[in-house]
Amino acid sequence: MAEKKGFGLGLGKMKELANAFQKAQQIQEDAKKLQEELETMQIKGQCENGLVVVTMSGNQEPLKVEIKPEAMGEGAEKLSEMVTEAVRDAYQISTTTMREKMEALTGNLGLPGM
Numbered sequence: 001m002a003e004k005k006g007f008g009l010g011l012g013k014m015k016e017l018a019n020a021f022q023k024a025q026q027i028q029e030d031a032k033k034l035q036e037e038l039e040t041m042q043i044k045g046q047c048e049n050g051l052v053v054v055t056m057s058g059n060q061e062p063l064k065v066e067i068k069p070e071a072m073g074e075g076a077e078k079l080s081e082m083v084t085e086a087v088r089d090a091y092q093i094s095t096t097t098m099r100e101k102m103e104a105l106t107g108n109l110g111l112p113g114m
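Structure below.
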């Protein structure tokens, strides 16, 4: 009759499993801190001439739009273009920031493709 080995996990495998659970818990805590950091972050984007500035959180929540008085004389169509440009700039900066912070968080995992 074959000897029973429980789950087939030796002491070394149990330590590896425990280490993996600890690492997962640490990553979860770090992810929560990152989420809080992104929520409080203020990222500014602007149109090329700086007449419109858009502020977003790190989670890409729009927080504020600033329009300088000189922009009002540009007409509705041009003002709309400047606002769109500023929103795109803030979005691009926040996306890059979020990606960099996520890469820093997951970089030590050694996961393929991360």
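Residue numbering for the sequence shown follows UniProt numbering, beginning at 1 and increasing consecutively. Ideal placement from N, C-alpha and C gives every residue a C-beta, glycine not left out. All of these numbers come straight from a predicted model, not from anything done at the bench.
Of the residues Lys15, Gln22, Ala20 and Gln28, the one placed nearest Met102, counting alpha carbons only: Comparing Cα-Cα distances from Met102 to each of Lys15, Gln22, Ala20 and Gln28, the minimum goes to Gln28.
Can you tell me the Cα-Cα spacing of Val54 and Lys13, whole angstroms? Taking the CA atoms as reference points, Val54 sits about 52 angstroms from Lys13.
Using only the alpha-carbon positions, how far apart do residue 179 and Lys33 sit? The displayed coordinates of the chain run from 1 to 114. Any statement about residue 179 would go beyond what the structure contains.
Does the stretch 39–52 touch the stretch 82–89, meaning 3 or more C-beta pairs lie closer than 8 angstroms? The stretch 82–89 vs the stretch 39–52: in contact.
Which term fits Val65, buried or exposed, when burial requires 16 or more other beta carbons within 10 angstroms of its beta carbon? Taking all protein chains shown into account, Val65 has fewer than 16 neighbouring C-beta atoms within 10 Å of its C-beta and is therefore exposed.
Can you pull the DSSP bridge partners for Gly50? Its beta-bridge partners do not exist; DSSP assigns none.
Under a Cβ-count criterion, where at least 16 other Cβ atoms within 10 Å of its own Cβ denotes burial, should Ser80 be classed as buried or exposed? With fewer than 16 other Cβ atoms inside 10 Å of its own Cβ, Ser80 counts as exposed.
CA-to-CA distance, Arg99 to residue 122, given in whole angstroms: The structure shown has nothing for residue 122, since the chain only spans 1 to 114.
Which residues does DSSP pair with Gly45 in a beta bridge? Gly45 pairs with Val54.
Using CA atoms only, rank isn't needed, just tell me which of Ala90, Lys23, Ala20 and Ala31 is closest to residue 162. There is simply no residue 162 to check, as the chain begins at 1 and stops at 114 in what is shown.
Measure the CB-CB distance between Leu51 and Ala71 and report whether it falls below 8 angstroms. Yes.
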